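Just so it is clear: in the sequence shown, position 225 is 300 by the numbering used here, and no numbers are missing. Don't be surprised by glycine CBs; every beta carbon is placed ideally from N, CA and C. Remember, predicted model here, so these are calculated numbers, not experimental data.
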Amino acid sequence: MSGDSKKTVSGNVIIEEVYPNPLGRDTKEFISLKNISSAPIDISGWNIKTEKSSGVFIFPPDSLIQSQKSFSLAQAQSTLRLQNTADAIYVFDSEGDVVDSVDYEDAPEDRILTKAKDGVWKWMKTSGANDKKKISKVQKTISRNTKKKNTARIIAYQYTEKESLSKTPIEKVRALELGESVKFRAVVSVEPGVLGKTLFYVAGSGIQIYSYRKDFPDIATGDIIDVSGILQESSDEMRVRITGKDAISIVSHGATPLPKTTETGDISEETEGYLVSLKGEVIEVRWPYVFVDDGSGEVRVYIKKSTGIEKRKLYAGDELSVTGIVSQTAAGYRVLPRYESDIVLIKNPEKEKTHQEETIPDRSKETQTVFQYLTAIGVTAVLVSLGLFIQYKMKE
76 MSGDSKKTVS GNVIIEEVYP NPLGRDTKEF ISLKNISSAP IDISGWNIKT EKSSGVFIFP
136 PDSLIQSQKS FSLAQAQSTL RLQNTADAIY VFDSEGDVVD SVDYEDAPED RILTKAKDGV
196 WKWMKTSGAN DKKKISKVQK TISRNTKKKN TARIIAYQYT EKESLSKTPI EKVRALELGE
256 SVKFRAVVSV EPGVLGKTLF YVAGSGIQIY SYRKDFPDIA TGDIIDVSGI LQESSDEMRV
316 RITGKDAISI VSHGATPLPK TTETGDISEE TEGYLVSLKG EVIEVRWPYV FVDDGSGEVR
376 VYIKKSTGIE KRKLYAGDEL SVTGIVSQTA AGYRVLPRYE SDIVLIKNPE KEKTHQEETI
436 PDRSKETQTV FQYLTAIGVT AVLVSLGLFI QYKMKE
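Written out as structure tokens, the structure is:
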């Protein structure tokens with residue numbers, strides 16, 4: 076089978092649903108795959124692995140998914156336990172290539188993580204789906220030797236994945252299909268740990284690099300790196316999920332990337348993930364939130380605790396310069412400063428007013444002193460004149 080036809084077949088099998096947190100005991104967990112093509116697909120030898128589980132489930136011979144049909148794998152059959160706090164599921168074909176993957180955090184009880192037609196994952200109510208869903212019967216027994224052999228192949232794939240992919244220009248990565256394996260070169264705009272333990276950002280295309288295991292090489296802002304991973308979306312923010320630090324190669328150490336000068340009203344999908352620089356007036360301060368507007372629209376600046384940036388005394392009316400990463404959440408877009416130097420107070424009207432009041436001399440006191448001096452001179456002159464007049468009269 077040629078590489079192109081294999082890719083086509085693999086791309087037609089997707090993870091459709093994940094049920095990680097059933098009511099009561101988590102014995103009714105399942106992972107559901109779906110064949111979205113117009114022909115049956117043989118998934119014999121394919122395997123499923125989770126981020127938190129050391130085991131691997133291998134689909135037995137004659138495992139077939141009919142066209143437009145689903146194949147549901149129960150936890151009792153796969154022995155793969157899905158974590159409620161956070162986990163990730165990977166599906167590999169018989170060649171060890173990633174067919175599809177999904178990760179999640181904070182799984183709500185009795186909700187099914189479902190992939191919608193637009194590719195967005197949503198937590199859906201079960202509506203009795205767990206009782207109605209037909210769990211396919213598959214072989215449960217897997218020899219230890221097969222497990223070890225298959226696990227070794229997956230690990231080998233993770234180490235060689237970046238070598239087998241052709242590079243994509245960084246500016247074109249966001250245009251690729253979600254779930255696609257990618258390899259690209261980029262410049263680090265903020266190192267791991269500053270904006271989160273599991274992620275960092277690269278300049279040039281607004282991409283977040285994510286590793287649930289927090290497994291990154293020792294990299295710094297400005298480093299030029301080659302990255303291999305899977306293109307995903309989390310909270311509507313584009314990111315590349317990597318398997319570990321071996322998915323990143325440091326090419327060279329470079330200069331800190333320059334931010335993109337942006338108006339506050341332009342913080343949107345177009346700038347998501349980018350390193351930007353903006354200036355504006357402070358509208359409101361609710362630390363760690365600072366709201367800034369340059370007249371084009373208000374933007375929310377959020378100072379993450381992980382950055383170590385100290386609380387500032389900022390007031391409405393202050394003029395501020397901010398550099399940071401554009402991030403998206405359910406509450407909208409925001410700018411995330413990285414370091415203390417990313418927040419610069421340009422002008423503080425209240426301080427300037429106070430300073431002017433302190434430096435303007437009090438002329439009223441000077442005027443009073445001069446008046447008193449002149450009055451004293453006048454009185455003295457009058458007394459002297461009076462004395463001379465008395466002496467003159469006495470002589471007469």
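Query, Result
"Where do the ends of the alpha helix (DSSP H) carrying S153 lie?", "Q150 to S153"
"Can you give me the C-alpha to C-alpha distance between A278 and V351, rounded to a whole angstrom?", "10 Å"
"Could you have a look at V376 and say whether DSSP puts it in helix, strand or coil?", "strand"
"Should S153 be labelled buried (16 or more other beta-carbon atoms within 10 Å of its own) or exposed?", "buried"
"Checking the sheet assignment: what are the DSSP bridge partners for N110?", "V88"
"Mind checking who A295 pairs with in its DSSP beta bridge?", "Answer is none; A295 lacks a bridge partner."
"Below 9 Å between beta carbons: does that hold for L411 and S402?", "yes"
"Between A161 and E180, how many whole angstroms is the CB-CB distance? I'm expecting something under 8 Å.", "4 Å"
"Using a 10 Å radius around the Cβ and a threshold of 16 neighbouring Cβ atoms, would you call M199 buried or exposed?", "exposed"
"Taking all protein chains shown into account, do 16 or more other C-beta atoms lie within 10 angstroms of the C-beta of W362, making it buried, or fewer, making it exposed?", "exposed"
"So what does DSSP say about R409, is it helix, strand or coil?", "strand"
"Beta strand (DSSP E) containing E180: first to last residue?", "V173 to E180"
"To the nearest angstrom, how far is the alpha carbon of E415 from that of I384?", "5 Å"
"Going along the chain, which residues of its own chain have a beta-carbon closer than 7 Å to the beta-carbon of G86, five neighbours each way excluded?", "none"
"Contact check, V131 vs I305 under 8 Å by CB: the rounded distance?", "No, V131 and I305 are not in contact; Cβ-Cβ is about 18 Å, not under 8 Å."
"Going residue by residue through the stretch 281-330, where are the continuous beta strand (DSSP E) segments of at least 3 residues, counting only ones entirely within it?", "282-285, 298-309, 312-316 and 323-328"
"If we count the other Cβ atoms within 10 Å of its Cβ and call it buried at 16 or more, is P136 buried or exposed?", "exposed"
"So, is R316 buried or exposed, given that buried needs 16 or more other C-beta atoms within 10 angstroms?", "buried"
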